[in-house]
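The structure appears below as structure tokens.
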Amino acid sequence: MRWDAVSTLFLIASLLFTTYESVDAQSTKKMYRLGALVPGASLSRADEAFRERLRTLGYVEGHNIVIDWRRAAGDSGKYPAFAAELIGLKVDCIVTRGIPAIRAAKKATSTIPIVMGINDDPVQMGLVASLARPGGNITGFAAIGAELAGKRLELLREAFPKANRVGHLWGSETGAAHLREIEAPARALGVQIQSIELKGPNELERVFRTASKESDALIIVGSGWINDDRERIIKLAAKARLPVMYTQLPFALEGGLMGYAADETELWRRAAISVDKVLKGAKPADIPVEQPTKFEFVVNLNAAKQIGLTIPQRVLLKADRVVK
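In case it helps, our numbering puts the sequence shown at residues 206 to 529.
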């Protein structure tokens with residue numbers, strides 16, 4: 206009996222020691238801190254996809270990672286102060302979405318790793334040395350949105366052959382790049398492009414009233430506050446009864462007529478993989494900047510019906526997704 210009692214006590218002590226070791230190991234496990242500079246006002250589908258991918262990679266918020274979100278809510282002027290705040294929090298990495306965010310982060314630090322979740326040509330914009338070897342402290346994804354300008358115009362014109370005057374609504378560097386890329390395809394198609402730079406949301410009502418009289422169709426380049434004002438823009442386009450091609454898919458999925466782009470949610474999800482590499486010690490300078498390999502054409506038949514338009518069957522057959 207004495208031997209059994211000693212054995213039992215020894216077993217209990219071993220279990221307690223093992224439990225203590227396990228708890229102690231968990232308590233000393235590194236807590237990563239991630240800063241996020243994003244344009245929206247609230248958690249988006251892309252943000253959720255990013256968080257979900259981090260979880261599958263083993264990062265659980267509150268357990269081994271903290272994400273400090275800084276949301277510009279359409280005001281890109283907030284980014285410099287936000288970037289400074291994140292640096293003050295000593296984040297291990299900063300992830301960004303959009304040109305103003307990455308520019309602010311780059312200006313704020315040359316040492317903290319930065320992952321571009323979504324960005325147009327970062328080489329042309331002087332953010333990285335090359336896609337293969339970025340150099341510096343920045344890596345991530347190049348959305349190559351401007352390079353799709355010609356394809357968007359072709360799809361729009363195929364759906365609406367009489368659209369000879371196409372308004373080009375833009376309000377950022379992305380929009381300016383898109384405008385440059387669309388000039389040659391427009392000449393080839395005999396389309397007159399009307400550049401309409403939007404300075405802010407207060408101009409929207411006036412711009413759509415004018416466009417309804419002077420344009421046959423519109424291309425709207427999404428970015429910053431334009432994305433945040435998505436619902437209002439979709440309604441104004443419907444009120445103007447104009448066919449609109451959007452440069453970002455959420456517009457078409459949420460009531461706009463059509464969109465052609467890479468899936469922003471997928472790009473943001475893949476950005477989590479780059480963050481994982483950085484947190485595990487890889488240098489951004491050595492992580493190639495990736496480009497999307499899949500682009501989607503979305504057509505919204507509800508939007509077409511609302512403004513009395515018919516999308517040709519040949520165009521619908523080209524669509525990757527048709528919203529009914």
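We treat Cβ as the ideally placed atom computed from N, Cα and C, and that holds for glycine.
Just so we're clear, the structure is a prediction, and the values are computed from it rather than from any experiment.
For Phe-456, the enclosing alpha helix (DSSP H) stretches over residues 454-458. Contact between Val-528 and Val-503 holds, with the beta-carbon distance rounding to 7 Å and staying under 8 Å. Annotated as proximal: Leu-239 and Val-300, with beta-carbon spacing under 8 Å.
Taking all protein chains shown into account, Ala-254 has 16 or more neighbouring C-beta atoms within 10 Å of its C-beta and is therefore buried. His-373 counts as buried, since at least 16 other C-beta atoms from the protein chains shown sit within 10 angstroms of its C-beta. Judged by DSSP in its simplified three-state form, Gly-322 adopts strand. For a cut-off of 8 Å, the C-beta gap from Pro-305 to Asp-433 is around 13 Å, too long to register as a contact. Considering only Ser-315, Leu-409, Pro-366, Ala-348, the residue with the shortest C-alpha distance to Gly-341 is Ser-315.
Within the same chain, Cβ atoms closer than 7 Å to the Cβ of Leu-514 are found at Pro-448, the five residues on either side in sequence being excluded.
When secondary structure is reduced to three states using DSSP, His-383 falls in the helix class.
For Asn-505, the pairing in a beta bridge is given by DSSP as Val-528. Linking Glu-388 to Ile-398 through their CA atoms gives a straight-line distance of about 7 Å.
Its Cα nearest to that of Tyr-284, the residue Ile-307 stands out among Glu-266, Ile-307, Leu-262. Beta-bridge partners of Ala-467 (DSSP): Phe-500.
When C-beta atoms of the segment 478-492 are compared with those of the segment 443-463, fewer than three pairs fall below 8 Å, so the two segments do not count as touching. Assignment of Leu-447 by DSSP, reduced to helix, strand and coil, places it in the coil class.
The shortest CA-to-CA distance from Pro-406 to any of Glu-419, Gly-429, Lys-418 is the one to Gly-429. Taking the CA atoms as reference points, Ile-292 sits about 30 Å from Lys-404.
In this structure Glu-266 is exposed. Its beta-carbon is surrounded by fewer than 16 other beta-carbon atoms within 10 angstroms. Less than 8 Å separates the beta-carbon of Ala-508 from that of Gly-460. In this structure, the beta-carbon distance from Glu-410 to Gly-376 does not fall below 8 Å. The Cβ-Cβ distance between Asp-325 and Thr-379 falls below 8 Å. One alpha carbon belongs to Thr-498, the other to Gly-322, and they sit about 15 Å apart. When secondary structure is reduced to three states using DSSP, Phe-287 falls in the helix class. Within the segment 336-369, the beta strand (DSSP E) runs of at least 3 residues that lie entirely inside it are, in chain order, 343-345. Distance from the CA atom of Ala-354 to the CA atom of Gln-329, rounded to whole angstroms, is 17 Å.
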